[in-house]
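A.B. asks: There's a structure below that I have some questions on.
Residue numbers (the numbering used here), protein chains in the order written: chain A, 1 to 14; chain B, 1001 to 1234.
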C-alpha cells in the first residue's frame, strides 16, 4: 500500500 | 522501565497500519500487528510521512505533538523516552544503504500502487554494497511507465572511489500538475521500462534486460555497452 514506514522497517530488518 | 507504544499510521487521514514499539523485548522492537495482548502505555496517531520524519529524527515527537501533527493518548512523558529509543534503534545506523533509503523516504514521495518503487528500494541496498558497478560519471536514468505514461524517474551514479554516490527519484504524483521535468543530471544510458517489466526483471530469472531490449519491451538510449553492467542490478 506504499507506506513509507513499511519500506523503512523492511530495510531495517534486512 | 519497559513500555509499549502503539502507533496508528494514517495515509491521507485514513488509518493504514498499526505498529507497536515494544521495549519489553531487549533492545526494543517495532512490530506491525493488528493488536497486542499487553497493556499499551501510549497510543500515537500520525501520518505515514510524518512518522518517517519522526523516526529519522527530522522532527521531534514534541514538535509533532505541539504542531498537531501527532496525537497522543496515554503517558505523554513517554515522548522523550521514545525519541531516545528510536534514535538508538534507527539513527545510529549510518550504513550507505540506509543513508540513500533515508534520503528517498525523507525527500521524495513513494508512488503507491507502483511495484517498482519497492523494488528500487531493494536495488538501492544492493547497489550500496556493489563497488565499481559503473565508472564515475556513467549515470543511468530509469523512466518507469504504466500504460505508456511516465510515473517515476530514478537516476543512479557512482563516484570516483567506486561507491554509489547518487540516487535521485521523482514521481508524477509530486510533480507540477502531473508534468515531469527530467532530473537535471547528465546520463550515459536512459532506460524506459514498464512498471511490470521492471518488477519481472527483478523477480523472474527467465527474463533479463537484454531479452527485454531485443523484444522492444524496453527502450534504451545511450551507451549500450553499459547494459550488461545494469543486468547485475536485477
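Ideal Cβ positions, reconstructed from N, Cα and C, are used throughout, including at glycine.
Under 9 angstroms, Cβ to Cβ, is there at least one residue of chain A near residue 1032 of chain B?
C.D. replies: For this step, residue 1032 of chain B is matched to residue 32 along the second chain. Interface residue, yes.
A.B. asks: Considering only residues of the same chain and omitting the five flanking positions on each side of residue 7 of chain A, which have a CB-CB separation below 7 angstroms?
C.D. replies: Here residue 7 of chain A refers to the residue found at position 7 of the first chain. Result list for residue 7 of chain A: empty, nothing under 7 angstroms.
A.B. asks: Considering residue 1111 of chain B, what are the terminal residues of the alpha helix (DSSP H) in which it resides?
C.D. replies: Within the second chain, residue 1111 of chain B is the residue found at index 111, counting from 1. Residue 1111 of chain B -> no alpha helix (DSSP H), and no H or E assigned at all.
A.B. asks: Using DSSP's beta-bridge definition, name the partner residues of residue 1158 of chain B.
C.D. replies: What you label residue 1158 of chain B is simply residue 158 of the second chain in a count that begins at 1. For residue 1158 of chain B, which the question treats as bridged, DSSP gives the partners B:1164.
A.B. asks: Based on Cα-Cα distance, which residue from B:1195, B:1065, B:1168, B:1176 lies nearest to residue 1187 of chain B?
C.D. replies: Here residue 1187 of chain B refers to the residue found at position 187 of the second chain. The candidate whose alpha carbon is nearest that of residue 1187 of chain B is B:1168.
A.B. asks: So, at 7 angstroms on beta carbons, what are the nonlocal neighbours of residue 1055 of chain B in its own chain, with the 5 sequence-adjacent residues on each side left out?
C.D. replies: Within the second chain, residue 1055 of chain B is the residue found at index 55, counting from 1. 1086, 1090.
A.B. asks: Can you name the residues of chain A whose CB is closer than 8 angstroms to the CB of residue 1121 of chain B?
C.D. replies: By 1-based counting over the second chain, the position of residue 1121 of chain B is 121. What residue 1121 of chain B touches in chain A: 7, 10, 11.
A.B. asks: Alpha carbon to alpha carbon, how far is residue 1134 of chain B from residue 1161 of chain B?
C.D. replies: For the purposes of this step, residue 1134 of chain B is taken as residue 134 along the second chain, with counting starting at 1. For the purposes of this step, residue 1161 of chain B is taken as residue 161 along the second chain, with counting starting at 1. Cα atoms of residue 1134 of chain B and residue 1161 of chain B: separation of roughly 11 angstroms, rounded to the nearest angstrom.
A.B. asks: Using a Cβ-Cβ cut-off of less than 9 angstroms, list which residues of the region 1039-1060 of chain B approach chain A; keep chain order.
C.D. replies: 1048, 1049, 1051, 1052, 1055, 1056
A.B. asks: May I ask you to list, following chain order, the residues of the region 1150-1163 of chain B that have a beta carbon less than 8 angstroms from some beta carbon of chain A?
C.D. replies: The residues in question: there are none.
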